[in-house]
Amino acid sequence: MATLKELRDERLRKLDDLKKLGVNAYPAESARTHTCREVAEQFESLEGQTVKVVGRLIGTRKFGKLAFLVLRDMSGQVQLFLKADTIEPLNAPLSQLGMDELNLLDPGDFVEAEGVVIRTQTGEVSVDVRKFRLLTKSLRPMPTEQEGFRDKEERFRRRYVDMNVNRDVRERFVRRSKFWQATRKFLDDHGFYEVNVPVLEHTTGGADATPFVTHMDALDQDFYLRISHELPLKRLLGAGFEKVYDVGPRFRNENYTDEHLPEHIAMEWYWAYANWQDGMKFMEEMYRYVLSETFGTLQFDIQGKQVDMGKEWEVWDYATVIRDHYGIDVHNTSIEEVSTKLAENKLEVEKTDSIPRGIDKLWKHIRKDVVGPVWLVNTPKFISPLAKSSVDNPDVVQRFQAVIVGSELCNGFSELNDPIDQYNRFIEQQQMRDGGDDEAMMLDIDFVEMLEYGMPPACGLGYSERVFWMFEGVTAREGVPFPQLRSDIDEVTKSLYPNVKL
1 MATLKELRDE RLRKLDDLKK LGVNAYPAES ARTHTCREVA EQFESLEGQT
51 VKVVGRLIGT RKFGKLAFLV LRDMSGQVQL FLKADTIEPL NAPLSQLGMD
101 ELNLLDPGDF VEAEGVVIRT QTGEVSVDVR KFRLLTKSLR PMPTEQEGFR
151 DKEERFRRRY VDMNVNRDVR ERFVRRSKFW QATRKFLDDH GFYEVNVPVL
201 EHTTGGADAT PFVTHMDALD QDFYLRISHE LPLKRLLGAG FEKVYDVGPR
251 FRNENYTDEH LPEHIAMEWY WAYANWQDGM KFMEEMYRYV LSETFGTLQF
301 DIQGKQVDMG KEWEVWDYAT VIRDHYGIDV HNTSIEEVST KLAENKLEVE
351 KTDSIPRGID KLWKHIRKDV VGPVWLVNTP KFISPLAKSS VDNPDVVQRF
401 QAVIVGSELC NGFSELNDPI DQYNRFIEQQ QMRDGGDDEA MMLDIDFVEM
451 LEYGMPPACG LGYSERVFWM FEGVTAREGV PFPQLRSDID EVTKSLYPNV
501 KL
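Going by full-length UniProt numbering, the first residue of the sequence shown is number 1, and it counts up by one from there.
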């Protein structure tokens, strides 16, 4: 079997031959009248008409004065039928090839074909090509579907190959696009404005996470990459917006897991004059819409568990759940009692653990077995520093979390807008941070100042693309097009580019 270098050298020879003929193998202009799928599916109306199709060659067969090529674009594929007596000859200035130059083509090349829609004697819908142009000469062979492209490391490093060979992977990212389109449309249709807020922040907050740090030369100051969209969006409520959201990347300097990536896409919305109960009703409707638009169903088999997103959601009280499972009163406990329960359940006990951290670990131990959909409500205040306290019980906050198949798939609050209360909670978080908890929130005094000018009562919620990953049934790194990997260059590439320091 020929090596990659030998195959590449052969394609370079063909490229050189094309150049000698005066053919530009990488022209800027191309045209298309129909997709491959349209030609195949609309044969009855297109038969006998002239069309232009473009795409990548995935197969070539030549029999003397006849040739059959298979062309694929994003929509599908169609057969190209070439005959020596009807195809136009070489026209190098137009990058147009004739029958004699077909031997300079390879699977993987991009071409443009103009011809008449016909059905061949074998019944295959085809384009009887009259003009044939080269659009891109490929230098590396694409693995065939028969050969497969299954090595996970290779797939992640060369996702562009992965999506060509494993087309189900590419279709996944079509659905991912539909997921965010549907998210935006639902919010837009309900009167929300999308406002993009900064990625670089002096002080970052809105979540318990360790931030990435960078330096801005123009200001000679360190900045954080945002861990949340929350605080800038709530500043917009103070600025007079009543319904606002943002969709974009956020960054959390944590390890990879099946549900978490250091960089991922997330959405947060904020709705003035609404409370947490309004938010729960709104999100049940939003989930149904977004999932229907993305997947065409509300019935899912996730990790072997049957999930019906069309049914009525259950509502669980946080303190009741913890008491029933562990016998702990979350509002009257000690770090010793919490640590004991962590140890009894074979959960890690760290030196930096506090009561909030320990209680949260105990809840997540319960959460892993939840099927859902469930709303978890009445979270203790010490776990939720940005949420408004309950009128009925000042020890809990007006927070709601969607729990589905063991994962938290959104997080919403009646937003805290009392500047004194917010300042005091920031102080508590800062003390935790000063005590070694790198994930505790920073004191954002500018946000407190905004609250002193006044922010209306509001509900806010965020979800990330983990929602998509869950219902798609993939891990986090499978669920993004280009996951971060440790930098590495393979030996073949190093040998092909000896003058480049890699």
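Note that beta-carbon positions come from the ideal geometry of N, C-alpha and C, so glycine has one too. None of the values given here were measured: they were computed from a predicted structure.
Query	Result
Exposure of L57, with buried meaning 16 or more beta-carbon neighbours within 10 Å	buried
Through-space distance from W469 to A476, alpha-carbon basis	6 Å
At least three beta-carbon pairs within less than 8 Å, the region 133-143 to the region 238-253	no
H331, enclosing beta strand (DSSP E) - first and last residue	Counting along the chain, H331 falls outside any beta strand (DSSP E), and DSSP gives it neither H nor E.
Residues sharing a beta bridge with G76, DSSP	D73
Cut-off 7 Å between Cβ atoms - residues of its own chain near V197, not counting five sequence neighbours on either side	H229, P232, L233, D246
Reference M309, options L102, D395, S292, closest by Cα	S292
Endpoints, the beta strand (DSSP E) within which V307 is located	305-308
Coarse secondary structure for W283, derived from DSSP in three states	Before going further, note that residue 283 is Met rather than Trp in the sequence given. Note: M283 maps to helix in three-state DSSP.
Backbone CA spacing between W316 and S339 [nearest angstrom]	24 Å
Which of helix, strand or coil DSSP assigns to N103	helix
Cβ distance (whole Å) where E439 is taken to contact D208 below 8 Å	4 Å
Beta-carbon proximity check, L104 vs D162, cutoff 8 Å	no
Three-pair Cβ contact test at 8 Å for the region 65-74 versus the region 82-93	yes
Status (buried if at least 16 other CB within 10 Å, exposed otherwise) for P129	Pro is not the amino acid found at residue 129; the sequence shown has Val there. Under this definition V129 is a buried residue.
G296 classed as buried or exposed, judged by whether at least 16 other C-beta atoms fall within 10 angstroms	exposed
C-alpha distance - residue 504 paired with G327, whole-angstrom precision	Limits of the chain in this structure are 1 at one end and 502 at the other, which puts residue 504 out of reach.
Contact the region 389-396 vs the region 441-448: 3+ CB pairs below 8 Å	no
I420, DSSP secondary structure in three states	helix
Buried versus exposed call for N417 [16 or more other C-beta atoms within 10 Å across all chains shown]	buried
Limits of the unbroken alpha helix (DSSP H) element including S464	Run containing S464: none in the alpha helix (DSSP H); it sits in the beta strand (DSSP E), 458-464.
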